[in-house]
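A.B. asks: Taking this note's numbering, the leading residue of the sequence shown gets 1234, the next gets one more, and so forth. Every residue, glycine too, gets a C-beta built ideally from N, C-alpha and C.
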Amino acid sequence: AIELTRITFPYLLLITLVTLYGGMLNVMHRFASAAAAPIFLNLSMIMTLALAAFFPSAGHAAAWGVLISGFLQVFLLAGDLGQHGGLPRFSPLELSDDIRSFFRALGPATVGSMGTQLAMFADTIIATFLPTGALSALYYADRLNQLPIGVIGIAIGTVLLPEMSRRITGGDHEGATASQRRAFEFTLLFSMPFVAAFLTVPDVIMRAMFARGAFSAADAAAAGATLSAYAVGLIPFVLIRSAVATFYARKNTATPVKASLTGIGVNLALKVALMGSLAQVGLALATAVGAWVNLLLVIGFAVRAGYFEIDRSLRVSLGKFLVAGLVLAAALGLTAHVAYAQFAQWSTMRDEAALGLLIVVGALVYAGVILLLFGPRWLRSLVRG
């Protein structure tokens, strides 16, 4: 482990540059390179693992793949910046007023964004005191829970922040608020199916994706229950990046910290209270409750400061998304029951076939309900917005 850490440690410096260059590109409204950069991590690890015979072990091959991907990501983003005149030149640090202002904002922003990472770290530490299998259940559930968070929540929040900053700088505060409302609606549109699926058919998902080898049906059930607990907080997880954008766009990084620290406190207290009775499910549920506390406080602070308004249009949209989610959950539950009755005689691929059927039926039902509730005109305006 020590040797592998030595190999991968320089990746921290490289990914820091990737983050810096990605932020600069986002300000320039260039998102493709930063979004594509993580692909190099997967490709690099696949290539080095394919050549694992030339390394001392598969772990060494994967470690070198991580390091190589760091260089590839830096080259990709640096090339994009260079083509558009944005590549920074390294020079001695001068503590100008702008630099001082940046560092004053950096500290609170760092603390405010660490809530999720701290919760996951606390889950890992506490799970080591729980019965065997708790840590694995948390890991597999978190991997699936992170899919909509990374693909939807972070992506939309990344695009929203420079857009709101541009509008606020230009004095278009109403336009900035409208952009944030649109981001909320866009995020809910794509994340609600994950919430419905994770709450309704988590066992099917876990068995279809992981139940092979040493991963038994009992392990899938434990991981599925943990996934359902995480799903309780999936909405605030995906919305928080868009919610805090209204503060960051106004260079106010301190206020979100208050909400984040309060959420962390509630999270940790509930973990201690629930770990004895609910094991790893209690840890995931505490994380979900902490996420809700964080989001509601951020929105409350924004409304009180006049940065955000929950108008009638947004309230109606939230109600419609709730109805769509409930209808989808009912459809998934019924389809799962029918699927296992139909596939009961299958000796293999039963769970995979059931999951495939759930995806098809769920997509059709959700698309139909959304069109019925919102209409095609709303969808077109959302995409244009």
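1) Pick out the complete alpha helix (DSSP H) segments inside the stretch 1402–1452, 4 residues or longer, and give them in chain order.
2) Indicate the three-state DSSP secondary structure (helix, strand or coil) for T1520 in the structure shown.
3) For a quick check, are the C-beta atoms of G1390 and R1474 less than 8 Å apart?
4) So, under 8 Å CB-CB, L1339 and Y1254 are touching, yes? Tell me the CB distance rounded to an integer number of Å.
5) From the DSSP output, in three-state form, read off P1395 for me.
6) Determine the direct distance from the alpha carbon of L1591 to that of H1262, and round the result to whole angstroms.
7) Could you check if D1331 is buried or exposed, using at least 16 other CB atoms within 10 Å of its CB as the buried criterion?
8) I'd like to check one pair, F1576 with A1586: are the Cβ atoms closer than 8 Å?
9) Inspect the beta-carbon positions of T1420 and L1472 and report whether they are closer than 8 Å.
10) For Y1573 versus A1456, is the C-beta spacing smaller than 8 Å?
11) Grab the span of the alpha helix (DSSP H) containing N1259 for me, first residue to last.
12) Of all the options P1243, Y1599, R1610, which has the alpha carbon lying nearest to the alpha carbon of L1422?
13) In whole angstroms, give me the CA-to-CA distance for Q1379 and P1341.
14) Just curious, the alpha helix (DSSP H) that I1473 is in, first and last residue?
15) Which same chain residues end up closer than 6 Å to P1469 when comparing Cβ atoms and leaving out the 5 residues on each side of it in sequence?
16) Could you give the DSSP three-state label for E1236: helix, strand or coil?
17) Do you know how far the Cα of E1418 is from the Cα of S1550?
18) Which value, in whole angstroms, describes the spacing of the CA atoms of A1535 and G1319?
19) Going along the chain, which unbroken runs of the alpha helix (DSSP H) with 4 or more residues stay wholly within the stretch 1520–1547?
20) Of all Cβ atoms in chain E, is any one closer than 8 Å to the Cβ of T1238?
21) Exposed or buried, T1343, counting other C-beta atoms within 10 Å across all chains shown (16 or more means buried)?
22) Considering only the beta carbon of each residue, do G1515 and D1452 sit closer than 8 Å?
23) Quick check on T1249: buried or exposed, where buried means 16 or more other Cβ atoms within 10 Å of its Cβ?
24) Kindly list the residues whose CB is nearer than 6 Å to the CB of L1588, restricted to its own chain and excluding five residues on each side of it in sequence; keep chain order.
25) For Q1306 and V1251, I'd like the C-alpha separation in whole angstroms.
26) Would you grab the beta carbon distance between A1482 and L1394 for me? Rounded to a whole angstrom, and I think it's under 8 Å.
27) Tell me whether the beta-carbon of Q1513 lies closer than 8 Å to the beta-carbon of L1300.
28) Report all residues from its chain with a CB closer than 6 Å to the CB of A1416; omit the five preceding and five following residues, and keep chain order.
29) Could you tell me the distance, in whole angstroms, from the CA atom of H1406 to the CA atom of R1400?
30) Tell me whether S1302 sits in a helix, a strand or coil according to DSSP, three-state version.
C.D. replies: So, to answer that:
1) As far as the stretch 1402–1452 is concerned, its whole alpha helix (DSSP H) runs of at least 4 residues are 1406–1433, 1435–1443.
2) Judged by DSSP in its simplified three-state form, T1520 adopts helix.
3) In contact: G1390 and R1474 (Cβ atoms closer than 8 Å).
4) Not really, about 17 Å apart at Cβ, beyond 8 Å.
5) P1395: helix per DSSP, three-state reduction.
6) 37 Å
7) The residue in question, D1331, is exposed, as its Cβ has fewer than 16 Cβ neighbours within 10 Å.
8) yes
9) Cβ atoms of T1420 and L1472: closer than 8 Å.
10) Not in contact: Y1573 and A1456 (Cβ atoms no closer than 8 Å).
11) 1243–1260
12) For L1422, the nearest C-alpha among the options comes from Y1599.
13) 24 Å
14) 1467–1481
15) A1524, W1525, L1528
16) helix
17) C-alpha separation (whole angstroms): 7 Å.
18) 33 Å
19) With a minimum length of 4 residues, no continuous alpha helix (DSSP H) run stays inside the stretch 1520–1547.
20) The structure shown contains no chain E; it holds only a single protein chain.
21) It is exposed - the Cβ of T1343 has fewer than 16 other Cβ atoms within 10 Å.
22) The answer is no: Cβ separation not under 8 Å.
23) exposed
24) V1437, A1441
25) Spanning the two alpha carbons is a distance of roughly 7 Å.
26) Contact flag correct, Cβ pair sits at about 6 Å.
27) no
28) I1389, L1393, S1475
29) 7 Å
30) Helix at S1302.
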